[in-house]
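Student: Just so we're aligned: the sequence shown equals residues 137 to 444 in this note's numbering.
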Amino acid sequence: MADGRLILSSGDPTVDRRIDWARALMEEGNAADAVELLAEAVARAGHYAPGWFLLGEAREAAGDAPGAGEAFAQARALDPADTLGATLRLARLEGEVAGMSPAYVRALFDQYADRFDAALARLDYRGPEVIEAGLAQVCERLARPFAFAHGLDLGCGTGLVGARLVDRIGTMEGVDLSPNMVAHARRRKVYDTLAAGEMVAFLAARPAREVDLIFAGDAFCYLDDLTPILTESRRVLEPGGLLAFTTETHGGEGVLLRDTLRFAHAADYVRAELVAAGLVPLTLDPVSVRKEKEQPVAGLLVLALREG
137 MADGRLILSS GDPTVDRRID WARALMEEGN AADAVELLAE AVARAGHYAP GWFLLGEARE
197 AAGDAPGAGE AFAQARALDP ADTLGATLRL ARLEGEVAGM SPAYVRALFD QYADRFDAAL
257 ARLDYRGPEV IEAGLAQVCE RLARPFAFAH GLDLGCGTGL VGARLVDRIG TMEGVDLSPN
317 MVAHARRRKV YDTLAAGEMV AFLAARPARE VDLIFAGDAF CYLDDLTPIL TESRRVLEPG
377 GLLAFTTETH GGEGVLLRDT LRFAHAADYV RAELVAAGLV PLTLDPVSVR KEKEQPVAGL
437 LVLALREG
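1) Can you find the residues in the same chain that come closer than 8 Å, C-beta to C-beta, to L256, ignoring five residues on each side of it along the sequence?
2) With 16 other CB atoms within 10 Å as the buried threshold, where does R180 fall?
3) How big is the Cα-Cα spacing for Y184 and R251?
4) Which word fits R277, buried or exposed, when buried means at least 16 other C-beta atoms lie within 10 angstroms of its C-beta?
5) Over the uninterrupted alpha helix (DSSP H) stretch that includes P238, give me the two end residues.
6) Short check: CB of T382 to CB of I267, under 8 Å?
7) Out of curiosity, what's the CA-to-CA distance linking L226 and M308?
8) Among A440, D404 and V178, which one has its Cα closest to the Cα of L379?
9) Answer with buried or exposed for E443, where buried requires no fewer than 16 other C-beta atoms within 10 angstroms of its C-beta.
10) Under 8 Å, with one C-beta from each stretch per pair, do the segment 309-325 and the segment 363-379 reach the 3-pair mark?
11) Spell out a yes or no on whether the segment 228-241 and the segment 355-366 are touching, meaning 3 or more CB-CB pairs, one atom from each, closer than 8 Å.
12) Does DSSP put D139 in a helix, a strand or coil?
13) So G270 packs on T419, CB below 8 Å; how close in whole Å?
14) Taking just the CA atoms, how far does S237 sit from M445?
15) So, with DSSP's three-state summary, where would you put A320?
16) In angstroms, rounded to a whole number, what distance separates the CA positions of S145 and R258?
17) Scan the segment 268-328 and note each continuous beta strand (DSSP E) run of 3 residues or more that stays entirely inside, going in chain order.
18) Secondary structure at L436, three-state DSSP: helix, strand or coil?
19) Could you name each continuous alpha helix (DSSP H) segment of 4 residues or more that falls completely within the segment 190-236, going from the start of the chain to the end?
20) If distances are taken between C-alpha atoms only, which option among A254, G263, R212 and F208 comes closest to V423?
21) Which stretch, first to last residue, makes up the alpha helix (DSSP H) that contains E163?
22) Between the Cα of G435 and the Cα atoms of L392, L415, V233 and A412, which residue gives the shortest distance?
23) If you drop the 5 nearest sequence neighbours on each side, which residues of the same chain put their C-beta closer than 7 Å to that of L214?
24) Which stretch, first to last residue, makes up the alpha helix (DSSP H) that contains F356?
25) Could you check which residue in A211, A177, G231 and S314 has the C-alpha nearest to that of A222?
26) Just to confirm my understanding: we take L288, look at its own chain, exclude 5 residues before and 5 after, and list those with CB closer than 6 Å. What are they?
27) Look up T363 in the DSSP assignment and say whether it is helix, strand or coil.
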């Protein structure tokens, strides 16, 4: 699993059946019986990281946090690229914050791409509209046209935000870690170029003072530390250029790893990081762009300016 690919079979049909039964038991809320089946499965196939990972989930659901930690640690040892996201699960158990591995995010969204738009519609997702409205308001406040020569869409996904802004941007480029998401974005035919890659590296490879708009719809909630992305955004923006993004937030301090395994950034943390990166905060508005379990998820609309 070191190359970041998910192995879908243990190679032992008996083990695979037990894992399938355990998943069904988990869906029924029967974690205790799932733990028993999965313990048998990993005893037969100790090399199979997904079996250990599911055992960690089952033990956690059954209230055995130490046992869950042991299983997640074993999954991580067998999956050096951390495709399964065991590092995040361990961090959550320990009440800590840890960064997401690119392999985990890539695998997550490669599997999610085909149903992504439909899933967001069910969550009442309105990130594109919120970013568009925020940009319109800031452009009016700055007495500048709501139009941009060159825009970069970070974590573009299937292109929902790009499709909303395409008529306002002369040249638009997008990047996403998931090749499958990029393939869906390409079908919209709104981007001049698209790339599959990590967004900080994408920016780092670009010239300074190149674009007048960088935007990201619900992409920064997959970053624990905003320093690298904000620093590179400031470098790539030309003077007078704007950065616009949405992220999840919380009422405490700093960065929080939520139960959903996404990061929430406190408003004061975001403001401080913007200033440290050399950006001028223009808007930090509380806003919810999606729901979970029918409840609004606390979020922030952030707009910032590169001055000189």
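Don't be surprised by glycine CBs; every beta carbon is placed ideally from N, CA and C. Because the structure is a prediction, the values reported are computed rather than measured.
Tutor: In short:
1) Closer than 8 Å at the Cβ level, and outside the excluded window around L256, lie L296 and R426.
2) Exposed is the label assigned to R180, since fewer than 16 other Cβ atoms lie within 10 Å of its Cβ.
3) Approximately 27 Å between the Cα atoms of the pair.
4) Residue environment analysis places R277 among the exposed positions, since fewer than 16 neighbouring C-beta atoms fall within 10 angstroms of its C-beta.
5) Element bounds for P238: P238 to Y248.
6) Yes, the Cβ-Cβ distance between T382 and I267 is below 8 Å.
7) Computed Cα separation, rounded: 38 Å.
8) It is A440.
9) With fewer than 16 other beta carbons inside 10 angstroms of its own, E443 counts as exposed.
10) With the cut-off at 8 Å, the segment 309-325 and the segment 363-379 do not touch.
11) Verdict: yes, contact present.
12) Residue placement at D139 is flagged as unreliable, the pLDDT there being 37, under the threshold of 50; a coordinate-derived value is accordingly withheld.
13) The Cβ separation is near 6 Å, so the contact holds.
14) A question about residue 445 goes unanswered here, because the residues of the chain that appear run from 137 up to 444.
15) Per the sequence presented here, residue 320 reads as His, with Ala not at that position. DSSP places H320 in the helix class (H, G or I) of the three-state scheme.
16) Computed Cα separation, rounded: 31 Å.
17) 284-290 and 305-312, all fully within the segment 268-328.
18) Reduced to three states, the DSSP call for L436 is strand.
19) Entirely contained in the segment 190-236, the alpha helix (DSSP H) runs reaching 4 residues are, in chain order, 201-214 and 222-229.
20) Nearest option by C-alpha distance: G263.
21) Per DSSP, E163 belongs to the alpha helix (DSSP H) from P149 to E163.
22) With distances taken between CA atoms, G435 lies nearest to L392 out of L392, L415, V233 and A412.
23) The beta carbon of L214 sits closer than 7 Å to the beta carbons of M137, H183, A185 and W188 from its chain, once the five residues preceding and following it are set aside; these are given in chain order.
24) F356 -> no alpha helix (DSSP H), and no H or E assigned at all.
25) Ranking A211, A177, G231 and S314 by Cα distance to A222 puts A211 first.
26) Shown here for L288: same chain residues with a beta carbon closer than 6 Å to its own, the five before and five after excluded, namely E309, V347 and I350 in chain order.
27) In the structure shown, T363 falls within a helical segment according to DSSP collapsed to helix, strand and coil.
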